[in-house]
Ligand code: GDD
Ligand code: MG
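Residue numbers (the numbering used here): 46 to 396.
Written out as C-alpha cells, the structure is:
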C-alpha cells in the first residue's frame, strides 16, 4: 500500500496578492471552486491502495487546511498532520514524514510525496505512473516523476535520464544550462513528486544530510513524548526543529544520491508558477481573456483577470494581469508576470 504525503509550505510570491505568507499558494482557489490543496487531496486518495495520509505543514495553516479537507466531505481513513513550528524547507518536511511512517507503519512503507502547489490534469495517468514508481521504490530506489520540458525554465529541477535510471539531477540550473538541457532531449523536468520506502529516504539522509535527519528525529521524538502515541496531530518540537538546516530535498538528497530513478510521465502537469500559468486554469472568453470573477471586457485581448467581490471592467487593453483582492490590486503585463516576485519581496522588506 502507499502512504501519500502532502507537503504544504512556502509563500508563492509570484502569485501575489492572491497568495500571502499566511495564505500560501496551496490555498488558492481555481476556476472550478476547489483549492490547490483540495486537488492535492483528491490526487492522494486516488492513488492505488492508499492506507494512511500524512500532511506536513506549518502549524499556523493547520485549521485552514483541515477546513479545506473537511469541505470535500471525504472519508480519509487515518489522516495525520505533522505540524512545523517554523518552515525548514522540503528536506526537513520529507524527513519528518519518513521518520513518522517508519515508526508507525514500518520502514518498508512506501511514501508518495505530493506537493500541494501544482495541478495534474490526468489523474488516471498519474495513478499508472505511481504504480510503476512503487515497484521501483520497493527495490530501494528514490523515484522522481519526469515531465517532458517545453521551455528552458530555471525554476525547476532537471533530470538526465537513461530509461528509468537517473544519470544526473540538477536543481534550478541557470538559463544557458537549461537551454543546453532542452536541446539535448535527454532531460526531463522534475515534477516535485517523489516515491520511496521510508527506510530508503532515511538511509539517503543519513548519508547526505545527517544533520537534517537527526534534528528532525529529535523534534519528532520530543513531540511524541508530550503528545501521546496515537495523536493525529503532532506539533514538532520547536527548538529541535528550528535546528534543522533549511534545504530543499532536491539539493540535500536528489543531486547526491546514487539510487534515484525516474518515471517519465505525461499527466497534464502544471506548476502554476505564475499568473500566466494560473490563468490557464480559468475560463476563456471569445477574445482569449482568462477570467475568474465578474469581469466585463470590451476590445481587450489575452488578459488574465482574477476578481474578488466587485465588478472589473477592461477597455482596450491587451495581455495584462489584473488581480483584485479586498486590500490589494495587482496590474502587471503578462510578459513580466514572473517579476511579481520582485514586488512581493520589496513589499515584504518594507514590512
Ligand atoms: N511542509 C512544508 N514545509 N512544505 C513545504 C516547505 C516547508 O518548509 N517548503 C515548501 N514546501 C512545499 C510547497 O508547498 C510545495 O508544495 C513543495 O513543497 C515544493 O516546494 P517549492 O518551494 O514550491 O519548490 P520549488 O517549486 O522551488 O521546486 C520544487 O518543485 C519544482 C516543480 O514544481 C523542486 O522539487 C523542483 O526540482 C521542481 O522542478
Ligand atoms: Mg513550487
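Glycine residues also receive a C-beta, built at the ideal position from the N, C-alpha and C atoms.
The continuous stretches of beta strand (DSSP E) do not include residue 74, and DSSP gives it neither H nor E. Residue 122 and residue 89 have their C-alpha atoms spaced approximately 12 Å apart.
Annotated as proximal: residue 130 and residue 104, with beta-carbon spacing under 7 Å. Less than 7 Å divides the Cβ of residue 267 from the Cβ of residue 282. In the structure shown, residue 66 falls within a coil segment according to DSSP collapsed to helix, strand and coil.
Distances taken from the Cβ of residue 120 to the heavy atoms of ligand 2 include none shorter than 6 Å. Annotated as distal: residue 134 and residue 295, with beta-carbon spacing of 7 Å or more. Annotation for residue 232: the continuous beta strand (DSSP E) segment containing it runs 232-242. In this structure, residue 159 lies near residue 51, with their beta-carbon atoms less than 7 Å apart.
Residue 169: not part of any beta strand (DSSP E); member of the alpha helix (DSSP H) spanning 168-183, first to last residue. Minimum Cα-Cα distance from residue 368 among the listed residues 77, 315, 228 and 335 corresponds to 335.
Distances from the alpha-carbon of residue 81 to those of 372, 64, 97 and 93 put 64 closest. The beta carbon of residue 357 is closer than 8 Å to those of 338, 339, 340, 341, 350, 367 and 369 in its chain, skipping five residues each way along the sequence.
DSSP places residue 206 in no alpha helix (DSSP H) but in the uninterrupted beta strand (DSSP E) bounded by 202-207.
The Cβ-Cβ distance between residue 156 and residue 165 does not fall below 7 Å. Here the alpha carbons of residue 243 and residue 109 stand approximately 28 Å from one another. Looking at the backbone, the Cα of residue 284 and that of residue 344 are separated by about 57 Å. Considering only 317, 187, 151 and 332, the residue with the shortest C-alpha distance to residue 364 is 332.
A distance criterion of 6 Å places the beta-carbon of residue 295 beyond contact range of ligand 2, judged by its closest non-hydrogen atom.
Contact fails between the segment 215-226 and the segment 145-156, because fewer than three Cβ pairs, one in each stretch, are under 8 Å apart. In the DSSP assignment, no residue is bridged to residue 90.
Taking 7 Å as the cut-off, the Cβ atoms of residue 176 and residue 199 do not count as close. A distance of 7 Å or more separates the beta carbons of residue 261 and residue 178. By the neighbour-count definition (other C-beta atoms within 10 Å, threshold 16), residue 251 is an exposed residue.
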